[in-house]
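A.B. asks: Chains as they are written, first to last, in this note's numbering: chain E, 31 to 349; chain B, 15 to 263. All C-beta atoms, glycine included, are put in the ideal place defined by N, C-alpha and C. Dumping the structure here so I can ask a few things about it.
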Ligand SMILES: Nc1ncnc2c1ncn2[C@@H]1O[C@H](COP(=O)(O)OP(=O)(O)O)[C@@H](O)[C@H]1O
Ligand SMILES: [Mg+2]
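Here it is, written out as structure tokens:
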């Protein structure tokens with residue numbers, strides 16, 4: 031187990047102006063168990079407490095209560111040991127704008143104890159991996175968002191840490207750069223590096239991680255593999271828009287092949303295992319009651335449906 | 015510890031060398047004062063010759079670089095509290111005081127180079143000082159830079175807001191200039207002014223500089239200035255370390 035956390039909590043005292051303060055419970059009791067070598071995701075909307083959790087695990091923020099071990103060391107009492115074992119790519123990236131990316135790479139490597147020669151060799155390796163060789167000597171402020179992210183990732187990996195934290199690694203990237211970054215993260219797993227990443231993108235957690243937790247309001251609301259979680263909410267989801275949705279909701283709830291119905295902003299979402307066969311039956315049932323559809327669609331259930339089930343909100347709205 | 019400090023120092027010096035123009039900008043002010051103001055000052059000192067005027071005025075002009083240069087050194091670090099650079103360094107194996115110390119060392123070196131240029135100009139204009147006085151003056155500048163830069167990083171880490179820090183520095187820069195006797199020795203003024211000046215660390219630095227330029231290397235103002243600047247730098251450095259820790263909330 032590379033990460034073990036028990037009942038982690040963090041309460042911030044935030045200033046509210048005029049000398050008043052406010053208690054913000056950012057993380058309210060989180061338990062984590064991340065296996066060595068897996069890609070583990072924390073999925074949740076903005077403000078859920080993902081960054082705070084990662085910061086506690088990475089020894090930046092001291093937990094208000096609870097305990098955590100990272101790479102076998104306590105994050106509070108053995109912080110120095112933890113720091114030797116991790117790479118940390120913050121949400122903001124942490125690339126120094128005023129220096130070439132190569133200089134940041136070499137400095138980071140040397141701070142971790144490498145000689146100049148070793149640091150240069152390792153930096154070269156990463157520049158090649160991330161196709162950064164051509165822009166290695168350009169001041170980072172002249173780089174594009176995607177290039178900077180790649181440098182951020184390279185800096186996080188330069189010490190060959192057994193565990194890397196990636197806080198919202200693809201926020202702000204275009205689809206092409208996102209896909210490339212996903213490939214890089216998968217390569218890390220192939221090399222045996224453990225990854226804890228946070229994201230508010232469903233597809234990212236779905237495509238990338240071995241296991242995940244869904245976090246909302248500082249708490250874990252669901253945990254498992256993407257497959258397991260989706261199975262919880264049945265395989266398919268039919269989304270309907272129609273007038274008289276209250277009546278329709280009752281009708282659909284009465285259908286034996288429909289597992290669950292949820293109403294959300296004038297839309298009805300019906301969960302069922304076999305959408306292809308269920309759909310015609312649903313249409314017939316609605317027709318019998320003279321309920322006219324405005325639109326209908328059939329989709330595979332996503333992690334958003336899992337989030338909806340546990341929080342009553344859609345992640346798209348919450349984020 | 016020392017290794018980490020030197021690594022940061024090396025990294026920062028490289029950054030500075032990529033933009034040497036800013037260091038040159040930093041001495042434009044004192045250079046202008048030396049060229050345009052010192053001759054004027056001479057006319058106000060009865061029977062004063064240029065050599066004496068420069069010995070009195072040059073230390074003040076040099077301290078100006080510290081006031082208007084080193085005190086702003088922390089500006090770059092404010093952005094680093096937000097863009098994740100400090101966050102990344104804080105969870106790296108880096109020795110934390112080295113993060114600030116390496117930068118302070120870079121600022122000290124920059125200040126010493128700038129001070130050397132200003133002193134060379136003053137020599138051209140007619141200043142006459144001994145080699146030991148020249149070297150001691152550079153050391154004094156280094157100590158001043160250490161204090162001013164540490165203070166600036168301390169402010170940057172504690173306030174973390176460009177507006178806030180620039181307001182504070184601007185607010186204090188003028189009274190510090192006047193109360194250090196940068197242009198004219200404070201002891202020409204009334205007693206109360208002299209008393210107030212005693213609370214200004216720069217006052218001691220300027221006084222020590224004047225003693226050195228008079229050739230009075232053993233004057234008590236010299237060790238007092240060094241001691242004070244070093245102690246104050248240590249205090250501000252400790253303060254900035256505490257602020258760095260509070261960055262995490
Ligand atoms: N340093 C801090 N001081 C006060 N409140 C904070 C601080 N950091 C985070 N918070 C608050 O804690 C909550 C969780 O924030 P965060 O962990 O950044 O969420 P996420 O990364 O999931 O978007 C938010 O309400 C945020 O405003
Ligand atoms: Mg976040």
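Take the Cβ of residue 75 of chain E as the centre, count every other Cβ of all protein chains shown within 10 Å, and call the residue buried at 16 or more, exposed below.
C.D. replies: The residue labelled residue 75 of chain E in the question sits at position 45 within the first chain. Classification of residue 75 of chain E: buried, given that the 10 Å Cβ count is 16 or more.
A.B. asks: Which whole-angstrom value is the C-beta distance of residue 125 of chain B and residue 88 of chain B, which I expect to be below 8 Å?
C.D. replies: Within the second chain, residue 125 of chain B is the residue found at index 111, counting from 1. Within the second chain, residue 88 of chain B is the residue found at index 74, counting from 1. Wrong, their Cβ atoms sit about 14 Å apart, outside the cutoff.
A.B. asks: Using a Cβ cut-off of 9 Å, which residues of the segment 92-119 of chain B contact any Cβ in chain A, in chain order?
C.D. replies: In the structure shown, chain A cannot be found, because the protein chains are E and B.
A.B. asks: Only counting the same chain, and skipping five residues up and downstream in sequence, which positions put a Cβ closer than 8 Å to that of residue 127 of chain E?
C.D. replies: Within the first chain, the letter at position 97 stands for residue 127 of chain E. Only 169, 170 and 171 meet the Cβ criterion.
A.B. asks: Please determine, among E:293, E:144, E:86 and E:330, the residue with the shortest C-alpha to C-alpha distance to residue 104 of chain B.
C.D. replies: Looking up residue 104 of chain B in the second chain gives position 90. Of E:293, E:144, E:86 and E:330, the residue nearest in Cα terms is E:86.
A.B. asks: Is it true that the CB of residue 100 of chain B sits closer than 8 Å to the CB of residue 421 of chain E?
C.D. replies: Any answer about residue 421 of chain E is impossible in this case: the structure gives chain E only from 31 up to 349.
A.B. asks: Taking the Cβ atom as the reference point for each residue, do residue 55 of chain E and residue 46 of chain E lie within a distance shorter than 8 Å?
C.D. replies: Walking along the first chain from the start, residue 55 of chain E turns up at place 25. Walking along the first chain from the start, residue 46 of chain E turns up at place 16. Their beta carbons are not under 8 Å apart, which means residue 55 of chain E does not touch residue 46 of chain E by this criterion.
A.B. asks: Where does the unbroken alpha helix (DSSP H) through residue 87 of chain E begin, and where does it stop?
C.D. replies: What you label residue 87 of chain E is simply residue 57 of the first chain in a count that begins at 1. Residues 80-87.
A.B. asks: Nearest to residue 200 of chain E by CA position, among E:120, E:253 and E:164, is which residue?
C.D. replies: For this step, residue 200 of chain E is matched to residue 170 along the first chain. Minimum Cα distance to residue 200 of chain E is reached at E:120.
A.B. asks: Does DSSP classify residue 92 of chain B as helix, strand or coil?
C.D. replies: Within the second chain, numbered from 1, the residue matching residue 92 of chain B stands at position 78. Reduced to three states, the DSSP call for residue 92 of chain B is helix.
A.B. asks: Under 6 Å Cβ to Cβ from residue 339 of chain E, same chain only, skipping five residues before and after it: list those, please.
C.D. replies: Counting from 1 along the first chain, the entry for residue 339 of chain E is found at position 309. Closer than 6 Å at the Cβ level, and outside the excluded window around residue 339 of chain E, lie 263.
A.B. asks: Cutting at 8 Å between CB atoms, please list the residues of its own chain near residue 165 of chain E, excluding the five before and the five after it.
C.D. replies: Your numbering for residue 165 of chain E matches position 135 in the first chain. Excluding sequence neighbours, residue 165 of chain E sits near 131, 173 and 177.
A.B. asks: Got a sec? Which residues, its chain only, sit under 8 Å from residue 331 of chain E by beta carbon, not counting five neighbours each side?
C.D. replies: In the first chain, residue 331 of chain E corresponds to position 301, counting from 1. Closer than 8 Å at the Cβ level, and outside the excluded window around residue 331 of chain E, lie 260, 263, 264, 265, 266, 267 and 301.
A.B. asks: Have a look at residue 354 of chain E and residue 318 of chain E and give me their C-alpha separation to the nearest angstrom.
C.D. replies: This structure does not reach residue 354 of chain E, given that chain E is present from 31 up to 349, and the question cannot be answered.
A.B. asks: Which of helix, strand or coil does DSSP assign to residue 199 of chain B?
C.D. replies: Translated into the one-based positions of the second chain, residue 199 of chain B becomes position 185. Note: residue 199 of chain B maps to coil in three-state DSSP.
A.B. asks: Here's a check: name, in chain order, each residue in its chain whose Cβ is nearer than 6 Å to the Cβ of residue 221 of chain B, leaving out the five neighbours to either side.
C.D. replies: For the purposes of this step, residue 221 of chain B is taken as residue 207 along the second chain, with counting starting at 1. 235, listed in sequence order.
A.B. asks: Does at least one heavy atom of ligand 2 sit under 7 Å from the Cβ of residue 197 of chain E?
C.D. replies: Here the question's residue 197 of chain E lines up with position 167 in the first chain. The answer is yes for residue 197 of chain E.
A.B. asks: For a minimum of 4 consecutive residues, which ranges assigned as the alpha helix (DSSP H) are wholly contained in the segment 202-259 of chain B?
C.D. replies: Entirely contained in the segment 202-259 of chain B, the alpha helix (DSSP H) runs reaching 4 residues are, in chain order, 205-211 and 215-228.
A.B. asks: Relative to the C-alpha of residue 215 of chain E, which residue among E:70, E:304, E:64 and E:34 is closest?
C.D. replies: On the first chain, position 185 is the one that residue 215 of chain E refers to. Minimum Cα distance to residue 215 of chain E is reached at E:70.
A.B. asks: Quick one: what's got a C-beta closer than 7 Å to residue 136 of chain B's C-beta in the same chain, skipping five residues either side?
C.D. replies: Here residue 136 of chain B refers to the residue found at position 122 of the second chain. The answer, listed in chain order, is 48, 68 and 72.
A.B. asks: Does the separation of the CB atoms of residue 231 of chain B and residue 74 of chain B fall below 8 Å?
C.D. replies: Taking the second chain and counting its residues from 1, one reaches residue 231 of chain B at position 217. Taking the second chain and counting its residues from 1, one reaches residue 74 of chain B at position 60. Not closer than 8 Å, so no.
A.B. asks: Using a Cβ-Cβ cut-off of 8 Å, state whether residue 25 of chain B counts as contacting chain E.
C.D. replies: As a first step, residue 25 of chain B is located in the second chain; it is residue number 11 there, counting from the start. Cβ-Cβ to chain E under 8 Å: yes for residue 25 of chain B.
A.B. asks: Mind pulling the chain E residues with CB within less than 8 Å of residue 21 of chain B?
C.D. replies: Here the question's residue 21 of chain B lines up with position 7 in the second chain. Simply 137, 140 and 141.
A.B. asks: Using beta carbons (cut-off 8 Å, strictly below), is residue 83 of chain B in contact with chain E?
C.D. replies: For the purposes of this step, residue 83 of chain B is taken as residue 69 along the second chain, with counting starting at 1. No, because no Cβ of chain E sits closer than 8 Å to the Cβ of residue 83 of chain B.
A.B. asks: Residue 226 of chain E and residue 188 of chain E: beta carbons closer than 8 Å?
C.D. replies: For this step, residue 226 of chain E is matched to residue 196 along the first chain. For this step, residue 188 of chain E is matched to residue 158 along the first chain. No, these two residues do not count as a Cβ contact at 8 Å.
A.B. asks: Using DSSP's beta-bridge definition, name the partner residues of residue 250 of chain E.
C.D. replies: Looking up residue 250 of chain E in the first chain gives position 220. Looking at the DSSP assignment, residue 250 of chain E forms a beta bridge with E:245.
A.B. asks: Does the beta-carbon of residue 226 of chain B have 16 or more other beta-carbons within 10 angstroms, so that it is buried, or is it exposed?
C.D. replies: One-based indexing of the second chain puts residue 226 of chain B at position 212. The residue in question, residue 226 of chain B, is buried, as its Cβ has 16 or more Cβ neighbours within 10 Å.
A.B. asks: Are the Cβ atoms of residue 172 of chain B and residue 81 of chain B separated by less than 8 Å?
C.D. replies: To locate residue 172 of chain B, count along the second chain from 1; it is residue 158. To locate residue 81 of chain B, count along the second chain from 1; it is residue 67. Against a cut-off of 8 Å, the Cβ pair of residue 81 of chain B and residue 172 of chain B comes out as no contact.
A.B. asks: Relative to the alpha-carbon of residue 154 of chain B, which residue among B:204, B:207, B:217 and B:193 has its alpha-carbon at the smallest distance?
C.D. replies: Walking along the second chain from the start, residue 154 of chain B turns up at place 140. The residue with the shortest Cα to Cα distance from residue 154 of chain B is B:217.
A.B. asks: Considering only heavy atoms of ligand 2, does any lie closer than 7 Å to the CB of residue 81 of chain E?
C.D. replies: Counting from one through the first chain, the residue named residue 81 of chain E turns up at place 51. Yes - ligand 2 has a heavy atom lying nearer than 7 Å to the Cβ of residue 81 of chain E.
A.B. asks: To the nearest whole angstrom, what separates the beta carbons of residue 258 of chain B and residue 161 of chain B, a pair I think is in contact under 8 Å?
C.D. replies: Counted from its first residue, the second chain places residue 258 of chain B at position 244. Counted from its first residue, the second chain places residue 161 of chain B at position 147. So it is not a contact: roughly 19 Å between Cβ atoms.
A.B. asks: Return the residues of the segment 197-220 of chain B that lie within a Cβ-Cβ distance of less than 9 Å from chain E, sorted by chain order.
C.D. replies: Correct list: empty, as no residue qualifies.
A.B. asks: Using 8 Å as the threshold, is the C-beta distance between residue 240 of chain E and residue 34 of chain E below it?
C.D. replies: As a position in the first chain, residue 240 of chain E is number 210, starting the count at 1. As a position in the first chain, residue 34 of chain E is number 4, starting the count at 1. It is not a contact, given that the beta carbons lie outside the stated cut-off.
A.B. asks: Between the segment 37-48 of chain B and chain E, which residues of the former have CB atoms less than 8 Å from a CB of the latter, in chain order?
C.D. replies: Against chain E - using a Cβ distance shorter than 8 Å - the segment 37-48 of chain B contributes no residues.
A.B. asks: Starting from the beta carbon of residue 91 of chain E, find every residue of chain B whose beta carbon is closer than 7 Å, and list them in chain order.
C.D. replies: Locating residue 91 of chain E in the first chain gives position 61, counting from the first residue. In chain order: 262 and 263.
A.B. asks: Entirely within the segment 57-129 of chain B and at least 4 residues each: give me those alpha helix (DSSP H) ranges in chain order.
C.D. replies: Within the segment 57-129 of chain B, the complete alpha helix (DSSP H) runs of at least 4 residues are 64-82, 89-94 and 99-104.
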